[in-house]
Every structure is written in structure tokens, then in C-alpha cells.
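With this note's numbering, the residue at position 250 of the sequence shown is 291, and numbering never jumps.
Structure first, then comments.
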Amino acid sequence: SLKEALTTFLNQSLRARRIREGVSIAVIGPPNAGKSSLVNALAGSDVAIVSDIAGTTRDVIEVHLDLGGYPVTLADTAGLRDGGDAIEIEGIRRARAHAADADLRLAVFDGEAWPEADPATVGLVDDSAIVVINKCDLAPLAAPLAVNEQAALAISALTGDGIEGLLETITERVAALMNTAASPAPALTRTRHREALEECRAALGRFLALEAGAGTPELAAEDLRLAARALGRITGRVDVDDVLDVIFRDFCIGK
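Okay, structure coming up:
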């Protein structure tokens, strides 16, 4: 039971990361869809270079926002396309990596090309994506406004149309993520604590394997002692030998 409880608690470490670093949102889409303009509109300042030249954004540009009291990191990424020079190819690789690791994806499609949708971006649209169709001020958008059964929001980063509604949607999704991750247990925010719990869980797993396999009682008891010792590093029960081990391991002891 303790091993299962530790596993559940360790799996909730995502909540701790969000508390420390905020919810991560990757802004993805094809070149010239208006991703950088949208990031600037959401941030309320010119943090990203805007140009009609495809491939202008090559590296990931991060902006830190406060939405509804929640910390958010918004990442402007390179436009998804085939080809380009070596630097742009690396930028596209980083864009895909950010999209894979992000808590949410803001998928931006070009309203001028709608209803044709960029296939590379379509492939990244799922339940964790918020779909927007930019440049709605240039031409009427053909219905239905949806990608992969995810409803899309029509916006204009240039005129500001739909930006307020988009901010509300993002804030709702961020709040839902934080509340879903909430737990009555304290958040696991320190690497040292996580390592101790993982060590405890591993020792309990070895004990159970020895017990199931009729292993020697001495080895099983040693694993239980190691498990208790790992927990003791968190609760404050530390023996003198533990202190000496740390001193001789981490410090240079001279005369």
C-alpha cells in the first residue's frame, strides 16, 4: 500500500512543476499565420519580431504572463514547414519539441488560406490544443470553424478582434489544468524530496520481490531499512552516520 501511495504521489509531480514554472503554452502554426503578432497581442508588447518574410522566427521566444492569477509561459515558435536553411530547420525541430512538452498548444491557422489548413499543424491538434484562425479581418471564414473536431476561435491579431475571448478561453484552460492537478497532499517541489521518495519506492519494490520469491530475510530487512532511511531524509530523522556520509561524500576533508 505504501509503494502504491508513493507512486501516486510521485505521478502528481506535474502539479509541482506547474506551481514552480507556470503552465507552458506553445504557439504553433505555419509560417506567416501571425503567430508572433498574436504573441505580441497577448503580451501587450512587441516581444517578437513580426515580418511578412517566412521563417523570421527561428528560435523559441518565451513570454511570461499572469492569467487569472496563474503564471503562464507563452512560447513563440518557428513556423512549421519543410525545407529552409540549417538554422530554420533547427528552429522547427525546437518548435516541435516545445509543442510535445507544453501543457497546452495554441494552434494558429492562416485565415487567408482557410478552409485549407496546414497539415503539419493539424497533426498537432488534440484535446490539449486551443485552435485559432487568425486574420479574420481580411475575409469571411467558411464554416465549420473546427480542426480535428476541436472548435476554432476567429481572431485578428492586427485589429484585436477576438483577442479578449481568446484570453478568457486560455485562462479557463489554465485554471482547469491547475485545479485538475490539485491534491490535498502537499506539492512535491524539491528535487531532493523526489529523489528520496523514488529511492524509498525502489527499496520497497526490492523488498516485495524478495518476499514474493522467498528471498533471504536479511536482504529483505535491509531494503526495508533503506526505505525507512530514505523517508527519514524528508521527515527529519537523520542518524549521525548519515551526516558523516554526506560530509565525507560532498566535502573535501583536509587536516
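Idealized CB from N, CA, C, for every residue including glycine.
Buried or exposed (CB count within 10 angstroms, at least 16 for buried), residue i
i, result
"Phe292", "exposed"
"Asn81", "buried"
"Gly152", "buried"
"Ser77", "buried"
"Ser92", "Confidence at Ser92 is low in this model, with a pLDDT of 45, below 50, so the placement of that residue should be treated as unreliable; the coordinate-derived value is given next. Exposed, because fewer than 16 other Cβ atoms sit within 10 Å of the Cβ of Ser92."
"Arg214", "buried"
"Asp167", "exposed"
"Gly109", "exposed"
"Thr118", "buried"
"Leu260", "exposed"
"Ile211", "buried"
"Asp142", "exposed"
Residues of its chain near residue i, where Cβ-Cβ distance is below 8 Å and the 5 sequence neighbours each way are ignored
i, result
"Leu51", "Leu229, Arg235, Leu238, Glu239 and Arg242"
"Phe150", "Gly70, Pro71, Ala74, Ala158, Asp159, Thr162, Val172, Val173, Ile174, Asn175, Val188 and Ala193"
"Leu207", "Leu83, Ile171, Val173, Leu194 and Ile196"
"Lys296", "Low confidence applies here, because Lys296 scores a pLDDT of 49, under 50, leaving its location unreliable; read the following figure in that light. None."
"Lys44", "Arg242, Leu245, Gly246 and Leu249"
"Ala183", "Trp155 and Pro156"
Beta-bridge pairing of residue i - partner residues as DSSP gives them
i, result
"Val64", "Val113"
"Ala195", "Ile174"
"Ile102", "Asp117"
"Asp107", "Pro112"
"Ile69", "Ala148"
Same chain only: Cβ atoms within 6 Å of residue i, ignoring 5 sequence neighbours per side
i, result
"Arg135", "Val101"
"Leu265", "Phe248"
"Ala268", "Cys241, Ala244 and Leu245"
Cβ-based neighbour list, residue i, same chain, cut-off 7 Å, excluding 5 preceding and 5 following
i, result
"Gly203", "Cys177, Leu194, Ala195, Ile196 and Ser197"
"Leu47", "Leu238, Cys241 and Arg242"
"Val104", "Val80, Ala84, Val88 and Leu115"
"Leu179", "Gly152 and Glu153"
"Glu190", "none"
Enclosing alpha helix (DSSP H) for residue i [first to last residue]
i, result
"Asp264", "Pro258 to Thr276"
"Ser42", "Note, Ser42: premise wrong, no alpha helix (DSSP H); not H, not E."
"Cys293", "Premise fails: Cys293 is in no alpha helix (DSSP H) and is neither H nor E."
"Arg233", "Thr232 to Ala253"
"Ala82", "Lys76 to Ala84"
Runs of beta strand (DSSP E) lying entirely within the stretch 112-192, each at least 3 residues, in chain order: 145-151 and 170-175
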